[in-house]
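Input: a single structure, listed below in structure tokens.
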Amino acid sequence: MIVRAMSSSTQPIKTVAIIGSGLMGSGIAQVAAASGHKVTVVDQSQEIVDKASASIQKSLGRVVKKKFPDDSKAQQTYIADVMSHLSLQTDAVDAVKSADLVIEAIVENLDVKKSLFSSLDKAAPPHTIFASNTSSIPIKDIASSTTRLDRFGGLHFFNPVPVMKLVEVIRIPETSDETYSALEAFGKAVGKTTVQCKDTPGFIVNRLLVPYMMEAVRLVERGEATPRDVDIAMKLGAGYPMGPFELSDYVGLDTMKFIIDGWMEREPNNPLFSKSELLNKLVAEGKLGVKSGEGFYPYNKK
């Protein structure tokens, strides 16, 4: 593979193309636009991007109620200003032609991500930095589809992006210092605290969090406690805001299964990554957590 050389000086990130307008993509777009970046959000159809635009405006409505609680004019002005930095379209190749940074926030499927980045690599200017928001797929595996390994990294935001204060900045061995510095600066510019991590499974948060949640499931599988008692114990005994089963239902049991299955495939002898029959059973039954109305706990779907 031929890797193009990066210029000695990295351009400041002013324009951002975000591929994927789901919860994560829309959230990243909102905080980037609110910090003055010119943002283009891309998805597969006009209907999808229109829904994303409405979702962002609704989210901004919640922000301004706290930011300007008694000033409706200031609320309207703020929303209009943020939205003026946003454009939404369906052509990813066109969107990256003038981007300083491209952030991918699409489905967690390696082949789909590689195909996307391969096509974008041919269209983006040489200085453009690529980043994935993946939470579980190795950045190096995604970056291998491009000729800009030195300008490739990870920006792992957390849901809901406008509220959560952390972004993990991931570097592969080939990521240049200039690229990492630019990604870290972008994370700080959008109001987040940044932490650095190498390209290891789950990075920092999920690498610790997912095995913890899986061990809670195994504890219940062994009949040693109930989900409710485990959650109460971890909240009152360890000071956690949510117990592991409440958190699992919030994250999505299918997402947990996807992550742990992928990690076990890579490290089959690591006991932290062993599968759970209880988790597999719930996912097979469509009990995915809050989003499906039932997981470890039942929920009232409105």
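Counting from 10, one number per residue, gives the positions in the sequence shown under the working numbering.
For glycine and all other residues, C-beta sits at the position ideal for the given N, C-alpha and C.
Owing to the predicted nature of the structure, the values given are computational and were not obtained by experimental measurement.
For M265, which of V292, V51, V102 and D103 has the nearest alpha-carbon?
For the residues V292, V51, V102 and D103, the minimum Cα distance to M265 belongs to V292.
Can you pull the DSSP bridge partners for L97?
Partner(s): V50.
Quick check: what's the CA-CA separation for D52 versus E117?
One C-alpha to the other measures close to 15 Å.
Determine the DSSP secondary structure at L110, reduced to helix, strand or coil.
L110 falls in the strand class under three-state DSSP.
Whole runs of the alpha helix (DSSP H) within the stretch 123–170, excluding any shorter than 4 residues:
The stretch 123–170 contains these whole alpha helix (DSSP H) runs: 148–152.
Cβ neighbours of A41 in the same chain (closer than 7 Å, five flanking residues each side left out):
Short of 7 Å from the beta carbon of A41, and not among the five residues preceding or following it, lie these beta carbons of its own chain, in chain order: V25, V48 and V199.
What are the partner residues of K207, as DSSP defines its beta bridges?
As DSSP reads the structure, K207 sits in a beta bridge with R180.
Do the CB positions of H165 and V176 come within less than 8 Å of each other?
Yes, these two residues count as a Cβ contact at 8 Å.
Report yes if the CB atom of I115 is closer than 8 Å to the CB atom of V121, and no otherwise.
Yes, these two residues count as a Cβ contact at 8 Å.
Secondary structure of V40, DSSP reduced to three states
In this structure, V40 counts as helix in the three-state DSSP scheme.
Comparing alpha-carbon positions, which option in T99, K23 and P236 lies nearest S54?
Selected option, being the one with the closest Cα: T99.
Can you look up A83 in the DSSP assignment and give me helix, strand or coil?
Secondary structure at A83: helix, using DSSP grouped into helix, strand and coil.
Per DSSP, what kind of secondary structure is A298 in: helix, strand or coil?
Looking at the sequence itself, residue 298 is Gly, so the reference to Ala does not match. Per DSSP, reduced to three states, the secondary structure at G298 is strand.
Measure the C-alpha to C-alpha separation of S96 and Y259 and round it to an integer number of angstroms.
Between S96 and Y259, the C-alpha separation is close to 30 Å.
Just verifying my parser: in three-state terms, what is the DSSP assignment at L291?
The three-state secondary structure of L291, taken from DSSP, is helix.
V12 versus S154 - alpha carbon distance:
Residue placement at V12 cannot be trusted, given a pLDDT of 43 that sits under 50; what the coordinates show is reported in the next sentence. Going by C-alpha positions, V12 is about 11 Å away from S154.
Whole angstroms is fine: what's the gap from A194's alpha carbon to C206's?
A194 and C206 have their C-alpha atoms some 15 Å from each other.
Buried or exposed (CB count within 10 angstroms, at least 16 for buried), K201:
So K201 ends up on the buried side.
What number of angstroms, rounded off, separates the C-alpha of G70 from the C-alpha of I88?
If I take the Cα positions, the gap works out to 7 Å.
What number of angstroms, rounded off, separates the C-alpha of Y306 from the C-alpha of S257?
Y306 and S257: Cα-Cα distance of roughly 10 Å.
Extent of the continuous beta strand (DSSP E) run through T24
T24 -> beta strand (DSSP E) spans T24 to I28.
Under 7 Å Cβ to Cβ from I179, same chain only, skipping five residues before and after it: list those, please.
Within the same chain, I179 has close Cβ partners I148, G162, G163, H165, C206, D208 and F212.
Given a cut-off of 8 Å, decide if M273 and K284 are closer than it, judged by their beta-carbon atoms.
Yes, Cβ-Cβ distance for K284 and M273 is below 8 Å.
Please identify the residue among D79, G45, S35 and A43 whose C-alpha is closest to the C-alpha of V58.
That would be S35, whose Cα lies nearest to the Cα of V58.
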